[in-house]
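Protein chains in written order, with the UniProt record's numbering: chain E, 1 to 106; chain G, 1 to 407. Ideal Cβ placement from N, Cα and C applies to all residues, glycine included. No experiment lies behind these values; they were computed from the predicted model shown. Notes follow once the structure below has been shown.
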Amino acid sequence: MAKITYIEHDGTEHVVDVKPGLTVMEGAVKNNIPGIDADCGGACACATCHVYVKEEWRDKTGTASAMEESMLDFAENVEANSRLSCQIKVTDELDGLVVSMPENQH
Amino acid sequence: MSKPRVVIVGAGHAGGSAAAFLRQYGFDGPIYLVGEEPLLPYQRPPLSKAWLKGEADADSLALKPAAWYAEAEVALRLGGVASEINRGAKTVTLASGEAIPYDFLILATGARARMLPIPGADLANVLALRTAADAEHLKSVLGAGKRLAIIGGGYVGLEAAASARALGAEAVVIERENRVLARVACPELSHFFQRYHGERGVTFELHAGVEAFVGEDGKVTGVKLADGRTVPCDAVLVGVGAHPNDELAKDCGLDCAGGVVVDLEARTSDPHIFAIGDVSHRPLPIYERQFRLESVPNALEQAKQAASAIAGRAGPTPEVPWFWSDQFDLKLQIAGLPFDADRIIVRGNPDTASFAVFHLKGDLIQAVEAVNAPPEFMAGKMLIARRTPVSLDKLADTTISMKEVAA
Ligand SMILES: Cc1cc2nc3c(=O)[nH]c(=O)nc-3n(C[C@H](O)[C@H](O)[C@H](O)COP(=O)(O)OP(=O)(O)OC[C@H]3O[C@@H](n4cnc5c(N)ncnc54)[C@H](O)[C@@H]3O)c2cc1C
Ligand code: FES
């Protein structure tokens, strides 16, 4: 299990255990964490699972694919540390990961 | 006064999401979730894609784990069929005889696969693909050396064809029209998808009427076409559209028009009853129309509308309808509907498998169909919502970025 902290836009923190193999998006949705709608269920088609990865975790979460990059290009409030959480696979390495959510996913 | 009670009929994508949004929005009254299928609410899109190919398991299909329903105090009636709504007494009666009172009722009964009323339709291995059980059955008949005949070249049919190929089975798509995706996409897209599938071993019988399914020992062995030929196969997938499960609503006198008619809050003609997802016939303000949509984003948007109305908060920002489909390594994303469009602009080259078709009414974008082209989809969706004119020359010119077109 990897402990992941999701921080809502208003600062509310949710710390949950996520099974390796799931994505960071699935970890949020299965725990009903508000702010990650994931309309497309992880198909990299909707950009409603946008998160900011805490700086010190950016290496471990890897880099976005070309497809993910171009989806992010048009999402709202994108920053250098923006990722689509459905494209981040949870591994034991990510135990302790902290991500936060933008104000609005649409 | 006791807290209002919500009963949700249909534990699919829309119904399951409505329960979750109600709790997210702070609704703390009792919630009952009644579902005919014996499973917790799950996502259907992977059934024809990742799941069918063996790339996703049952856990990843489920919207929420079982523990969530207990924690959130959502009372489940799985394997329970709602058979009657009494609007006067405000109760829903299940086939088991249980009558559940409601203050608010959400109908989320979805749609069912349309079957073909032709000889042989009841042979074994003549299948539909709507539920997890259907998908399980389909998967069991696919594999190397098997041949799947797919009736209907819509999204589900083409996705199943691609997945069948990935599993080493042969796939033949039989379509009445002279192109695939005839009902839902423009000719440019149809031709592209047909060619792409053809290059990957899917065969097509277009402009072909299906007369009967033929079989041996009660099991299907072929599809008899109107021109007299028989296409041999080990299984048939019938993918010719879906019919809304609006009978409950009709029987209790709610306004229906090929789906339960609702407003922008997803409320039906009875203020205590909502209808969401595939079963609803909803307003599309951008297009000044009512329409029935079959997509996950639609199910989620309406689940939010109903949950917001019940929880007493402002509804979500209206969305441009959109849809996606995965076939082989293609990602198709569609935004909007091509109502009243008078021209199309193709951006990019279909031969490169990355292009988009824009449907315009004058210089307003009504819809975009994007193949491996997320910027076109994302910017297109935004422009459809904005309702401002675009430069047609810029839109057609791939040396100009979509950022600039949308600026
Ligand atoms: C194979 C497949 C692939 C798809 N792919 C995509 C895709 O890529 N992208 C996309 O956007 N959409 C896709 N869709 C469409 C999407 O899954 C539907 O739009 C969505 O599931 C609609 O949700 P719903 O809750 O309205 O209906 P459903 O999910 O169908 O749920 C309705 C539920 O209500 C139950 N029910 C019906 N009547 C009763 C009753 N009287 N009592 C109790 N329960 C009842 C049914 O058993 C069912 O479980 C796909 C659909 C299928 C079948
Ligand atoms: S869930 Fe849709 S892009 Fe991540």
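For this session: Determine whether the Cβ of V296 (chain G) lies closer than 9 Å to any Cβ atom of chain E.
Result: yes
Exercise. Comparing the CB of R267 (chain G) with every heavy atom of ligand 1, is any distance shorter than 8 Å?
Worked result: no
Problem set entry | Any non-hydrogen atom of ligand 2 within 8 Å of C49 (chain E) CB | yes
Exercise. Interface residues of chain E around D23 (chain G) at Cβ under 8 Å?
Worked result: Correcting the residue type first, residue 23 (chain G) is Arg in the shown sequence and not Asp. The contacting residues are N32.
Exercise. Thinking C-alpha only, which one of G:A379, G:V405, G:L395, G:T398 is nearest M71 (chain E)?
Worked result: G:A379
Problem set entry | Contact list for E26 (chain E) against chain G, beta-carbon separation under 8 Å | S60
For this session: Report the rounded CA-to-CA distance for P375 (chain G) versus G315 (chain G), giving the unit in angstroms.
Result: 28 Å
For this session: Spell out a yes or no on whether the segment 22-31 of chain G and the segment 117-136 of chain G are touching, meaning 3 or more CB-CB pairs, one atom from each, closer than 8 Å.
Result: no
Exercise. If you measure from the CB of M382 (chain G), is any heavy atom of ligand 2 nearer than 8 Å?
Worked result: no
Exercise. Can you find a heavy atom of ligand 2 that lies under 8 Å from the Cβ of A62 (chain G)?
Worked result: no
For this session: Kindly list, in the order they appear in chain G, the residues whose Cβ is closer than 7 Å to that of S70 (chain E).
Result: P374, P375
Exercise. Does the beta carbon of L63 (chain G) come closer than 9 Å to any beta carbon on chain E?
Worked result: yes
Exercise. Among G:S308, G:R282, G:N178, which one has its Cα closest to the Cα of V320 (chain G)?
Worked result: G:R282
Exercise. Comparing the C-beta of L33 (chain G) with each C-beta of chain E, is any distance below 9 Å?
Worked result: no
For this session: Buried or exposed for R267 (chain G), please, with buried defined as at least 16 other CB atoms from any protein chain shown within 10 angstroms of its CB.
Result: buried
For this session: Taking only beta carbons into account, state which residues of the segment 328-346 of chain G come closer than 8 Å to chain E, listed in chain order.
Result: K331, Q333
For this session: Please confirm whether G15 (chain G) and G277 (chain G) have their CB atoms less than 9 Å apart.
Result: yes
For this session: With a cut-off of 8 Å on the beta carbons, I'd call L248 (chain G) and V9 (chain G) a contact; round off their distance for me.
Result: 7 Å
Exercise. At what residues does the beta strand (DSSP E) containing V156 (chain G) begin and finish?
Worked result: Per DSSP, V156 (chain G) belongs to no beta strand (DSSP E); it is in the alpha helix (DSSP H), 155-166.
Problem set entry | Buried versus exposed, by CB contacts within 10 Å (16 or more), T109 (chain G) | buried
For this session: Assign T317 (chain G) to one of two classes, buried (16 or more other C-beta atoms within 10 Å of its C-beta) or exposed (fewer than that).
Result: exposed
Exercise. Of all the CB atoms in chain A, is at least one closer than 9 Å to the CB of P45 (chain G)?
Worked result: Reference to chain A is not applicable here, since the protein chains of this structure are E and G.
Exercise. Excluding sequence positions up to five away, which residues of its chain have a Cβ less than 8 Å from the Cβ of A396 (chain G)?
Worked result: I345, V346, R347
For this session: Run down chain G in chain order and give the residues with a C-beta less than 8 Å from the C-beta of G41 (chain E).
Result: Q43, P45, P46, V296
Exercise. Is A406 (chain G) near M382 (chain G), with beta carbons less than 9 Å apart?
Worked result: yes
Exercise. Does any C-beta atom of chain E lie closer than 9 Å to the C-beta of D326 (chain G)?
Worked result: yes
For this session: Run the proximity test for A166 (chain G): is its beta-carbon closer than 8 Å to any non-hydrogen atom belonging to ligand 1?
Result: no
Exercise. Is DSSP giving R112 (chain G) helix, strand or coil here?
Worked result: strand
Problem set entry | Cβ neighbour criterion (16 or more within 10 Å) applied to R387 (chain G) | exposed
Exercise. Shorter than 9 Å from the beta carbon of A2 (chain E) to some beta carbon of chain G?
Worked result: no
Exercise. If you measure from the CB of C40 (chain E), is any heavy atom of ligand 2 nearer than 8 Å?
Worked result: yes
For this session: May I have the straight-line CA-CA distance separating E55 (chain E) from E93 (chain E), to the nearest angstrom?
Result: 15 Å
Problem set entry | Three-way DSSP call (helix, strand, coil) for R343 (chain G) in this model | strand
Exercise. Taking the alpha-carbon positions, what's the A341 (chain G) to L206 (chain G) distance?
Worked result: 26 Å
Problem set entry | E13 (chain E), buried or exposed, once every other Cβ within 10 Å from all chains shown has been counted against 16 | exposed
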